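**Student:** So the sequences go chain by chain: A and B.
Using our numbering, read the first sequence as starting at 144 and increasing by one per residue.
Using our numbering, read the second sequence as starting at 144 and increasing by one per residue.
We treat Cβ as the ideally placed atom computed from N, Cα and C, and that holds for glycine.
Just so we're clear, the structure is a prediction, and the values are computed from it rather than from any experiment.
2 protein chains.
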Amino acid sequence: MDKQADHPEMAAANGDDEPATGVFHTISSTDLVTQIARQITEAIVSGNLRPGSRLTELQLSREFGTSRAPVREAARLLESQGLVVSSPRRGFFVRTLEPQDLHDIYELRIGLEVHAALLAVDRITEHEIDRLQRQIEKMYALADEGSLEQQIMEDFTFHRLLCAASGNRRLLKVYDELATEMRCGIALIGRLFDSAHRLAETHEPVLDALRERDADKLAAAVRFHIVEAQDQVVELFSEISRRPKP
Amino acid sequence: MDKQADHPEMAAANGDDEPATGVFHTISSTDLVTQIARQITEAIVSGNLRPGSRLTELQLSREFGTSRAPVREAARLLESQGLVVSSPRRGFFVRTLEPQDLHDIYELRIGLEVHAALLAVDRITEHEIDRLQRQIEKMYALADEGSLEQQIMEDFTFHRLLCAASGNRRLLKVYDELATEMRCGIALIGRLFDSAHRLAETHEPVLDALRERDADKLAAAVRFHIVEAQDQVVELFSEISRRPKP
DNA sequence: GCAGTGTCAATTGTCGACAATTTGCAAAAA
DNA sequence: TTTTTGCAAATTGTCGACAATTGACACTGC
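Here's what the structure looks like:
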């Protein structure tokens, strides 16, 4: 393992070498692994695959009509995302989200998002603020008629926009990882918030503080907002845990 | 994809069902994937495999005396850790750490470790404080005679202990991810700190503030310490970038 | 009945082979 | 000379098969 230095760079994740027409979409890559991973993820998030249930490679490969190889890779991908866990020689299992996990995730989110907000307060553009405003409006709209899943997705989007506004890509990546993990649990939570309208409302103080570029107020608002969400989720979760199995 | 709910739980990561003799060690599983991943990691961190260089499955499998399958899995594992990147149909390449990446990582570390420290200030035990003290002493000892790599490893350990003292496992996991990524770059940095003694010294204020349980002082100390490290690393890194290739 | 042992089906870990795609190079066309 | 086209080698994506291990069940001896 010595001499090696082939490809100059990788041109990285920018598909910007396109003096092309700009007319065509990149054809939907057959990419088995991605498709399989997406389907398994969907099954987990929707609750069709319950936490703790086993994933056998052979069965999955038969369902997808492929060999075991791409299924294995997809499972490993999901493992790195925290959606499934694996045990040597025993296979893959859908991740179970313990109360302790949820506590840790929310406690971490406080530090992460407060930091993101404080970075954003100096960097955020008017355009990004408008985007956050529209996001809250979307949540209000869904509060009356949308499904719970949709509401949660839009909530995730709001917080993701906030993290993105920090300008720190690595931070955003951590948020995405946490969001993916949390998606494991949302299928369990039948009704999350007593009032979806209230959920939308609680985002307003964050946006206000951003508009005013008031760092202290912003930090407090973000912290308060996440703690409130944490309280509801933890309570609801322990309530579900109390009643064992359907 | 419907009925499935096999294994009850997983008994998770506790190997505490041992009414055994307590005499034997668990035999080191041959586990090819882990061994391969470890060797590749070692090669990357030590600098034998330079950033941007290509990893071909066939060549690696020949070197390790295995088939391509375990090599693939190991590479995917390393990809999830951020040590390598992959491009469809093109294969794996050793991750290149851009100045922007380093900036993001350190900026994130500030938020992460300040948060960890503030959580730890209420939770940390005397025993853990002693452990941190010994860690600093170890750094002093290595400052005079140790290799640069050793010093950096001990520095990582200190910060890891701090994150662990937060009591938040998910936070610790994020730190580990960041540490792994940073290891990509340390091979490039020939001499990191002008004075290794200085490196050890700068940890003292953090420990002092922890001892006094002074939250404000602690936050400031952690922030200052990381910013100082960031300054040195970024400067050194851009200096290296200026001079293209050996 | 119970602790321990042997056996067997199910499943994962690993392998070698083939198909599909990319890349580099050379030849042909402008 | 420069650009395009065509080909060939190298490499990844996928597959089916076999070996190794696990977990469950039945069996034995007490």
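1. If you scan the region 169-235 of chain A from start to end, which runs of the alpha helix (DSSP H) of 4 or more residues do you find wholly inside it?
2. State yes or no: is the beta carbon of R205(A) nearer than 7 Å to at least one beta carbon in chain B?
3. Could you check if S403(B) is buried or exposed, using at least 16 other CB atoms within 10 Å of its CB as the buried criterion?
4. Give the list of continuous alpha helix (DSSP H) stretches no shorter than 4 residues that lie fully inside the region 301-344 of chain B.
5. Using 7 Å as the limit for Cβ to Cβ distance, is R312(A) near chain B?
6. By a C-beta neighbour count over all protein chains shown, 10 Å radius and 16 as the cutoff for buried, is H414(B) buried or exposed?
7. Under 7 Å, Cβ to Cβ, is there at least one residue of chain A near A372(B)?
8. Would you give the residue range spanned by the alpha helix (DSSP H) that L255(A) belongs to?
9. Near L198(B), what residues of its chain come up, given a Cβ to Cβ distance below 8 Å and the 5 sequence neighbours on each side ignored?
10. Can you check whether the C-beta of V317(A) is within less than 7 Å of a C-beta belonging to chain B?
11. Run down chain B in chain order and give the residues with a C-beta less than 7 Å from the C-beta of L393(A).
12. Can you check whether the C-beta of S210(B) is within less than 7 Å of a C-beta belonging to chain A?
13. For a cutoff of 7 Å on Cβ pairs, would you count T164(B) as touching chain A?
14. I'd like to know whether the C-beta atoms of A372(B) and K360(B) end up nearer to each other than 7 Å.
15. Verify the CB distance criterion: does I248(B) have a CB-CB separation below 7 Å to chain A?
16. Below 9 Å on C-beta distance, what does E216(B) contact in chain A?
17. Do E250(B) and N311(A) count as a contact pair if the criterion is CB distance below 7 Å?
18. Within 7 Å of any Cβ in chain B, is that where the Cβ of H368(A) sits?
19. Could you please give the first and the last residue of the uninterrupted alpha helix (DSSP H) stretch that includes R356(B)?
20. Verify whether the separation of the beta carbon atoms of I267(A) and H346(A) is less than 7 Å.
21. Could you tell me which of S230(B), R181(B) and A343(B) sits nearest to G289(B), measuring between CA atoms?
22. Under 8 Å by Cβ, that's how I've got I329(A) and I295(A) pegged, so tell me the actual separation to the nearest angstrom.
23. Looking at the unbroken alpha helix (DSSP H) that takes in R277(A), where does it start and where does it end?
24. Can you tell me whether D374(B) sits near the ligand COA, meaning its C-beta is under 6 Å from at least one heavy atom of the ligand?
25. For a quick check, are the C-beta atoms of S309(B) and A263(B) less than 7 Å apart?
26. How about A322(B) and F299(B): do their beta carbons lie closer than 7 Å?
27. Can you round the beta-carbon distance between L275(A) and L314(A) to whole angstroms, since I take them to be within the 8 Å contact cut?
28. In chain order, what residues of the same chain have a beta carbon less than 8 Å from the beta carbon of R366(A), not counting five sequence neighbours either side?
29. Just to confirm, are P213(A) and V176(A) a CB contact at a threshold of 7 Å?
30. Using a cut-off of 8 Å between C-beta atoms, extract the partners of L251(A) located in chain B.
31. So that I know if they touch, is there some Cβ in chain B lying closer than 7 Å to that of S381(A)?
32. Measure from the C-beta of S223(B) to each C-beta in chain A and report whether the shortest distance is under 7 Å.
**Tutor:** On the basis of the supplied data:
1. 175-189, 200-207 and 211-223
2. Here the question's residue 205(A) lines up with position 62 in the first sequence. So no, R205(A) is outside the interface.
3. Look at the range of chain B in this structure, 144 to 389, and you will see that residue 403(B) is not part of it.
4. 312-329 and 339-344
5. Walking along the first sequence from the start, residue 312(A) turns up at place 169. Closer than 7 Å: yes.
6. Not covered by the structure: residue 414(B). The range shown for chain B is 144 to 389.
7. Mapped onto the second sequence, residue 372(B) falls at position 229. Answer no: the Cβ-Cβ gap between A372(B) and chain A never drops below 7 Å.
8. Along the first sequence, read from residue 1 onward, the residue named residue 255(A) stands at position 112. P242 to R266 is the extent of the alpha helix (DSSP H) around L255(A).
9. Reading the second sequence from its first residue, position 55 is the one you call residue 198(B). Correct list, in chain order: I183, L192, A218, V227, G234, F235, F236 and V237.
10. What you label residue 317(A) is simply residue 174 of the first sequence in a count that begins at 1. Closer than 7 Å: yes.
11. Shown here, chain A extends from 144 to 389; a query on residue 393(A) therefore has no answer.
12. Numbered from its first residue, the second sequence carries residue 210(B) at position 67. Chain A, which has no Cβ nearer than 7 Å to the Cβ of S210(B), makes this no.
13. Taking the first residue of the second sequence as 1, we reach residue 164(B) at position 21. Any reading at T164(B) must be qualified, since the residue scores a pLDDT of 48, below 50, and its modelled position is unreliable; no value is offered.
14. Translated into positions along the second sequence, residue 372(B) becomes position 229. Translated into positions along the second sequence, residue 360(B) becomes position 217. It is not a contact, given that the beta carbons lie outside the stated cut-off.
15. Position 105 of the second sequence, counting from 1, holds the residue named residue 248(B). Yes, contact with chain A.
16. What you label residue 216(B) is simply residue 73 of the second sequence in a count that begins at 1. Within chain A, the residues near E216(B) are R215, E216 and R219.
17. Walking along the first sequence from the start, residue 311(A) turns up at place 168. Walking along the second sequence from the start, residue 250(B) turns up at place 107. Closer than 7 Å, so yes.
18. Taking the first sequence and counting its residues from 1, the one referred to as residue 368(A) is at position 225. By this cut-off, H368(A) is not an interface position.
19. Within the second sequence, residue 356(B) is the residue found at index 213, counting from 1. Careful: R356(B) lies outside any alpha helix (DSSP H) and carries neither H nor E.
20. Looking up residue 267(A) in the first sequence gives position 124. Looking up residue 346(A) in the first sequence gives position 203. No, the pair does not count as a contact, with Cβ atoms beyond the cut-off.
21. The count along the second sequence starts at 1 and reaches residue 289(B) at position 146. The shortest Cα separation from G289(B) among S230(B), R181(B) and A343(B) belongs to A343(B).
22. Locating residue 329(A) in the first sequence gives position 186, where the first residue counts as 1. Locating residue 295(A) in the first sequence gives position 152, where the first residue counts as 1. That belief holds up - the Cβ atoms of I329(A) and I295(A) are roughly 6 Å apart, short of 8 Å.
23. Within the first sequence, residue 277(A) is the residue found at index 134, counting from 1. It spans E269 to E288 - the alpha helix (DSSP H) in which R277(A) sits, taken as one unbroken run.
24. Judged by which ligands are present, the structure shown has none, so any question about the ligand COA falls away.
25. As a working note, residue 309(B) is residue 166 in the second sequence. As a working note, residue 263(B) is residue 120 in the second sequence. A contact, by the Cβ cut-off of 7 Å.
26. Here residue 322(B) refers to the residue found at position 179 of the second sequence. Here residue 299(B) refers to the residue found at position 156 of the second sequence. In contact: A322(B) and F299(B) (Cβ atoms closer than 7 Å).
27. Start at 1 with the first residue of the first sequence, and residue 275(A) comes out as number 132. Start at 1 with the first residue of the first sequence, and residue 314(A) comes out as number 171. Actually they are not in contact, since the Cβ atoms of L275(A) and L314(A) sit about 17 Å apart, beyond 8 Å.
28. Indexing the first sequence from 1 puts residue 366(A) at position 223. I253 and V257, listed in sequence order.
29. For the purposes of this step, residue 213(A) is identified with residue 70 of the first sequence, where counting begins at 1. For the purposes of this step, residue 176(A) is identified with residue 33 of the first sequence, where counting begins at 1. Taking 7 Å as the Cβ cut-off, P213(A) and V176(A) qualify as a contacting pair.
30. Here residue 251(A) is taken as the residue at index 108 of the first sequence, counted from 1. Going along chain B in sequence order, the residues near L251(A) (Cβ under 8 Å) are H258, N311, R313, L314 and V317.
31. Counted from its first residue, the first sequence places residue 381(A) at position 238. Judged by the 7 Å Cβ criterion, S381(A) is not in contact with chain B.
32. Counting from one through the second sequence, the residue named residue 223(B) turns up at place 80. Cβ-Cβ to chain A under 7 Å: yes for S223(B).
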